[in-house]
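Take a look at the structure set out below.
Residue numbers (the numbering used here): 25 to 451.
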């Protein structure tokens, strides 16, 4: 089990298998026939709608009695009723939750071979103390004929404890309202996940955030809503982070221009999409850097320059799902982003004017004080010979205990406050 824990820690750093190349524009054209609004399909010829028309005609030709029989056979009303009765009954739901947690904990601990401290067991009432409705539910679950229903010891390989990236500081999806009203336009939704490299393990990645964009929006729109701590590293130099609308200040905003940074570039399938800055486009800088590498070097990638990211819509791309792509900005700040899936915009989804959406934001990992190694650091100390390294992150209590530097070189010591966080947001 200790091995599975290590695998679970590194699970987010492994992607794939990747899909085939997906032409988003072709996907939109192919799925236009699925639109329920006939007015939205008025520009399509009858030759473009044979499959849908044939399916509708075939179903209408089936006798009504047979249609009712098919509907009854495919109905899930019996299961829906059972689930609804259990979920709405606090006593039954509490029993289901405690039973599941106790089973999982038992399997987890039986497979754990290390000397780690065992977790406190979940208390499950004895059968003699159960209420009649709970007993009936337990018997119903125990007598299930589904062989996959009970958890066995083999399930230990798929059980992991909660991770930091499972936490979401957002109470609801954050809308940036950058989209346009496209009620009469065929749109697809693109789901993107952003990853950061772990400071203590550069080969492992941590999920930073998740976003949803329209196919008509650009790579620049995605870049503008990606949260990054580097946006707050040079606040004293005039790069105050812009704040979005809402009840809480957030590390990403719809009007994040990031003009104080040294440019940005995205790489998708060996095509570089720069920030469009003339004459120092970041894509040009990357290509110029590659020319300094020996031509016979195997590690030298073959990149091509694409359109600026703010002019490149998702609908113009042919990406692959679950393939990690690359983003560089703020000099040397790297991120990876993965397109998880692409689907049509559904009437039940938020209106197109609400996009891009941020649906998940992982709280940042705070650096611990390097003196006591117990509490988060609040200061970065530069040039202090007493500390042995520069920069040195330290908590307020340890810095107070050390006292201000004196003697030769004291005037060269700089104390830089670290960004303050509240519930995972930069304040």
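Here a beta-carbon is modelled for each residue, glycine too, at the ideal position from N, C-alpha and C.
All of these numbers come straight from a predicted model, not from anything done at the bench.
Query raised in the report: With C-beta atoms as the reference, is residue 189 less than 8 Å away from residue 231?
Result: yes
Query raised in the report: Which of the three DSSP states, helix, strand or coil, is assigned to residue 221?
Result: strand
Query - For residue 381, three-class secondary structure by DSSP - result: strand
Query raised in the report: Quick one: is residue 423 buried, meaning 16 or more other Cβ sit within 10 Å of its Cβ, or exposed?
Result: buried
Query raised in the report: Should the region 360-373 be regarded as contacting the region 210-220, the criterion being three or more beta carbon pairs within less than 8 Å?
Result: yes
**Report entry** residue 236 and residue 383 closer than 8 Å at C-beta
**Finding:** yes
**Report entry** Which listed residue (431, 402 and 432) has its alpha carbon closest to that of residue 439
**Finding:** 402
Requested in this report: Please name the residue or residues paired with residue 164 in a DSSP beta bridge.
Outcome: BP columns for residue 164 are empty, so no partner.
Requested in this report: Note down the Cα distance separating residue 263 from residue 356, rounded to an integer number of angstroms.
Outcome: Its pLDDT being 42, under 50, residue 263 is placed unreliably in this model, and the coordinates cannot settle the point.
Query - Counted within 10 angstroms of its Cβ, other Cβ atoms place residue 277 as buried (16 or more) or exposed - result: Residue confidence for residue 277 is low, a pLDDT of 44 falling below 50, so the modelled location carries little weight and cannot support an answer.
Query raised in the report: For the beta strand (DSSP E) that residue 351 lies in, which residues bound it at each end?
Result: 349-353
Query raised in the report: Residue range of the alpha helix (DSSP H) that residue 105 falls in?
Result: 101-111
Query raised in the report: Given residue 307, which residues of its chain have a CB within under 7 Å of its CB, disregarding the five upstream and five downstream residues?
Result: 289, 296, 297, 298 and 329
Query raised in the report: At which residues does the beta strand (DSSP E) containing residue 407 begin and terminate?
Result: Segment: none, residue 407 is in no beta strand (DSSP E) and carries neither H nor E.
Query raised in the report: Which residue's Cα is closest to the Cα of residue 287: 343, 338, 335 and 351?
Result: 351
Report task. Return the CA-CA distance between residue 80 and residue 86, expressed in angstroms with no decimal places. Result -> 10 Å
Query raised in the report: Between residue 397 and residue 388, what straight-line distance do the alpha-carbon atoms span, to the nearest angstrom?
Result: 17 Å
Query raised in the report: By Cβ distance below 7 Å, which residues in the same chain neighbour residue 117 in space, the five residues on each side in sequence not counted?
Result: 110 and 111
Query raised in the report: Which residues in the same chain as residue 316 place their Cβ atom closer than 7 Å to its Cβ, once the five residues preceding and following it in sequence are excluded?
Result: none
**Report entry** N-terminal and C-terminal residue of the alpha helix (DSSP H) that residue 424 is part of
**Finding:** 420-426
Query raised in the report: In whole angstroms, what is the alpha-carbon distance linking residue 131 and residue 173?
Result: 15 Å
Query raised in the report: Can you tell which of 180, 234, 102 and 49 has the C-alpha that lies nearest to the C-alpha of residue 133?
Result: 180
Query raised in the report: Applying the criterion that 16 or more other CB atoms from any shown protein chain within 10 Å of the CB defines a buried residue, is residue 107 buried or exposed?
Result: exposed
Query - CA-to-CA distance, residue 252 to residue 32, given in whole angstroms - result: Confidence is the limiting factor: at residue 32 the pLDDT is only 46, short of 50, which leaves the residue's position unreliable and the question unanswerable from this model.
Requested in this report: Express the C-alpha separation of residue 358 and residue 259 in angstroms, rounding to a whole number.
Outcome: Any answer about residue 259 is weak, because its pLDDT of 49 lies below 50 and its placement is not dependable; what the coordinates show is given next. Their Cα atoms are separated by approximately 20 Å.
Report task. Could you please give the first and the last residue of the uninterrupted beta strand (DSSP E) stretch that includes residue 368? Result -> 357-368
Query - Beta-carbon contacts of residue 221 that lie in its chain and below 7 Å, excluding the five residues immediately before and after - result: 229 and 358
**Report entry** Beta-carbon proximity of residue 239 to residue 48, cut-off 8 Å
**Finding:** yes
Query raised in the report: Can the beta-carbon of residue 342 be found closer than 8 Å to that of residue 242?
Result: no
Report task. Name the two residues that bound the continuous beta strand (DSSP E) containing residue 288. Result -> 288-292
Query - Presumed contact (8 Å Cβ cut-off) between residue 454 and residue 127, rounded CB distance - result: The structure shown does not extend to residue 454, since the chain is modelled only from 25 to 451, so the question has no answer here.
**Report entry** Cβ neighbours of residue 254 in the same chain (closer than 6 Å, five flanking residues each side left out)
**Finding:** 354 and 357
Query raised in the report: Do you know how far the Cα of residue 129 is from the Cα of residue 167?
Result: 22 Å
Query raised in the report: With a CB to CB cut of under 7 Å and the five nearest residues on each side skipped, what residues in its chain are close to residue 103?
Result: none
Query raised in the report: Buried or exposed: residue 339, going by 16 or more other Cβ atoms within 10 Å of its Cβ?
Result: buried
Requested in this report: Would you check if the distance between the CB atom of residue 334 and the CB atom of residue 244 is smaller than 8 Å?
Outcome: yes
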